[in-house]
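I have placed the structure first, in the form of structure tokens, so that the comments after it can refer back to it.
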Amino acid sequence: MLKNTYIHIPGVGKALEQKIWASGINSWDEFLEMEDRISIPPSRKTRICEEIKTSCRHLAEKDCFFFSQRLPSAEHWRTYSLFSDSVAFFDIETTGLSPARDRITVVGIYDGNESKMYVRGINLDDIVEEFSKYRLLVSFNGARFDIPFIKSEFPELEFKQLHIDLMYPLRRIGYGGGLKNIEKVLGIRRSEDTDGMDGFDAVRLWRQYEKGDKGALDLLLKYNREDIVNLKTIIELTYPKMVEKALKT
């Protein structure tokens, strides 16, 4: 979808992007080849062509920062197919809902092949180096919850790379509610141990672990691991619908 995108170009809004698509020009390559199809001033066409060439260079370099700065945050999902070779699906557990009062207990990061778990008092500080490895981050409600918590404890993490908060593009294609509800709608099943668990259970399990219950931590990590692994399943199931919705809007 990124190569069909024009709204990252200065001066191009959604209306003009739709006009370009309606003229039968979808990809950047097609615009460069068939720019005469679109009825806009020649000087504007020239600027768009130059910006497309610049975008191609940055994409060839896998420059996530360029597109992160240029694309509206709500449209970062468009980059998934071209940046999924360097992706971190992530989720956190905490002692409560307030970054000012509560603490992170667990951070899970899944690169599409391996899950890595970071636990307070064991290896939580390692997330700083781990997050720096990825060009694209994927979360659910991460913009409002996970990232503010992480920045509160690790201000050195700036999160300048691309970030897809799945909650918003999923809503646009008709998948509302929380993560667990969306999993059920899509037919994604949890393990018997974690089925029905939620964030309040995660807080309870951490408290049990602090009292010496190692099994509680094991279950908490399993719960978090399913969260992050399921994020990949969700985006791969729904990404084609996101593309279809955007092109028809």
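For reference, each letter of the sequence shown is one residue, going 51 to 299 in the working numbering.
We treat Cβ as the ideally placed atom computed from N, Cα and C, and that holds for glycine.
Beta-carbon proximity check, residue i vs residue j, cutoff 8 Å
i	j	result
phenylalanine 204	valine 188	no
arginine 185	phenylalanine 133	yes
lysine 282	isoleucine 223	no
glutamate 143	tryptophan 256	yes
glycine 158	serine 165	yes
threonine 145	valine 293	no
leucine 287	leucine 236	yes
Contacts around residue i, its chain only, beta-carbon distance under 6 Å, and the 5 residues preceding and following it disregarded
i	result
glycine 61	none
methionine 247	Tyr273
serine 202	Pro149
alanine 266	Leu255, Gln258 and Tyr259
histidine 108	Phe116
leucine 52	Arg128, Thr129 and Leu132
Beta-carbon separation (whole angstroms), residue i vs residue j, contact threshold 8 Å
i	j	result
glutamate 80	lysine 95	Contact flag wrong, Cβ pair sits at about 13 Å.
arginine 87	isoleucine 75	6 Å
isoleucine 284	leucine 216	6 Å
asparagine 54	serine 77	6 Å
isoleucine 197	leucine 174	The pair is not a contact, with the Cβ atoms about 16 Å apart (cut-off 8 Å).
isoleucine 200	proline 122	Their Cβ separation, rounded to whole angstroms, is 22 Å, which puts isoleucine 200 and proline 122 out of contact at 8 Å.
Counterpart residues of residue i in DSSP-defined beta bridges
i	result
lysine 69	BP columns for lysine 69 are empty, so no partner.
tyrosine 289	Beta-bridge pairing links tyrosine 289 to no other residue.
glycine 158	Asp141 and Met167
histidine 317	Given that the chain is displayed from residue 51 to residue 299, the structure contains no residue 317 and the question cannot be resolved.
Sequence-distant residues of the same chain with beta carbon closer than 8 Å to residue i, five excluded per side
i	result
serine 118	His126, Lys210, Gln211, Leu212 and His213
alanine 124	Tyr218 and Pro219
glutamate 180	Ala138, Ile159, Lys166 and Tyr168
aspartate 176	Tyr168
7 Å CB neighbourhood of residue i in its chain, flanking five on each side removed
i	result
glycine 262	none
leucine 59	Here residue 59 is isoleucine; the residue named in the question, leucine, does not match the sequence. Counting only Cβ-Cβ distances below 7 Å, and skipping sequence neighbours, we find Ile98 and Glu101.
aspartate 243	Leu269 and Lys272
aspartate 161	Val137 and Ala138
glycine 63	Ile57
Minimum Cβ-Cβ distance from residue i to chain C less than 8 Å
i	result
asparagine 163	Although the question refers to chain C, the structure presented lacks it and comprises just one protein chain.
At least 3 beta-carbon pairs within less than 8 Å: the region 212–226 vs the region 119–137: yes
Inter-stretch contact (C-beta, 8 Å, three-pair minimum) for the region 270–285 and the region 222–234: Of all C-beta pairs linking the region 270–285 to the region 222–234, three or more are shorter than 8 Å, placing the two stretches in contact.
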